[in-house]
Amino acid sequence: MNTKQLKEFNIPFVGLKLGIHQFEYEIDNTFFEHFDYDEFNSSNISIQLEFNKKSTLFELKFYARGTVNINCDVTNEPFDLPIENDLFLVIKFGTAYNDENEELLILPHGEYEVNVQQYIYELVVLGLPQKRVHPGVEDGTLDSDILDKLEELSPKKETLKKDNEEIDPRWDKLKNLLNDK
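This note's numbering applies: residue 1010 is where the sequence shown begins, and numbers increase by one.
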């Protein structure tokens, strides 16, 4: 993905003293639109970045906290999904740019700044669960037409009992053979 770099995510490390530096970013859907990512109805995420400048390398610790409003995979009802994820990245210098390793970024000698927007994007998007289920589905408090229809179409417990009661008694003899081992 050849995404234009957003200047507010550039960190000019040349002017930074050795040691730990804090950066904060508040991101919402305009950030994700930049990546053509439109699965969120809305988002409100705080990114904390701890940038540790050492003499030969940098250590970056990203922390994402906040919520995204997303549609439930079961009912399609929108809900606020809490986001909490972190990422550790080491930046070293080499002959050529290389970001093939997800925990190591190599910048060419002579670079004076690094853009962290891709790491923030991945931190949030990869922090999402595979299946996004409304908490009301799990605890039974969500009132939804789709859930009502799923309940209506699911097999009833009484039906299952009746099916079990009508089993031919000869099958019980076979089950006993299995249990006698």
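The C-beta atom is built at its ideal place from N, Cα and C for all residues, glycine as well.
Exercise for review: Jot down the residue ranges of each uninterrupted beta strand (DSSP E) in the segment 1013–1039, minimum 3 residues, whole runs only, in chain order.
Suggested key: The qualifying runs are 1028–1036.
Check your understanding: Excluding five sequence neighbours on each side, which residues of the same chain lie with their C-beta closer than 7 Å to the C-beta of Gln1014?
Key -> Excluding sequence positions up to five before and after Gln1014, its CB lies within less than 7 Å of the CB of Asn1124 and Gln1126, all in the same chain and listed in chain order.
Check your understanding: Out of curiosity, what's the CA-to-CA distance linking Val1023 and Ile1092?
Key -> So the alpha carbons of these two residues sit roughly 32 Å apart.
Check your understanding: Where Ile1056 and Pro1164 are concerned, what is the direct C-alpha to C-alpha distance, given to the nearest angstrom?
Key -> If you take the alpha carbons of Ile1056 and Pro1164, they lie about 46 Å apart.
Review point. Given Glu1122, which residues of its chain have a CB within under 8 Å of its CB, disregarding the five upstream and five downstream residues?
Key: Contacts found: Asn1019, Ile1020, Pro1021, Phe1022 and Val1023.
Check your understanding: So is Gly1075 in contact with chain B if we call contact Cβ pairs under 8 Å?
Key -> Absent from the structure is chain B; it holds one protein chain and no more.
Practice item. Decide if the segment 1025–1032 is in contact with the segment 1060–1073; the criterion is three or more beta carbon pairs, one per stretch, under 8 Å apart. Key: Output reads yes: the segment 1060–1073 touches the segment 1025–1032.
Check your understanding: Between the C-alpha atoms of Leu1114 and Leu1069, what's the straight-line distance to the nearest angstrom?
Key -> Their backbone Cα atoms lie some 11 Å apart in a straight line.
Exercise for review: Kindly confirm or deny that the segment 1031–1040 and the segment 1086–1106 touch, where touching means at least three C-beta pairs closer than 8 Å.
Suggested key: The segment 1031–1040 is not in contact with the segment 1086–1106.
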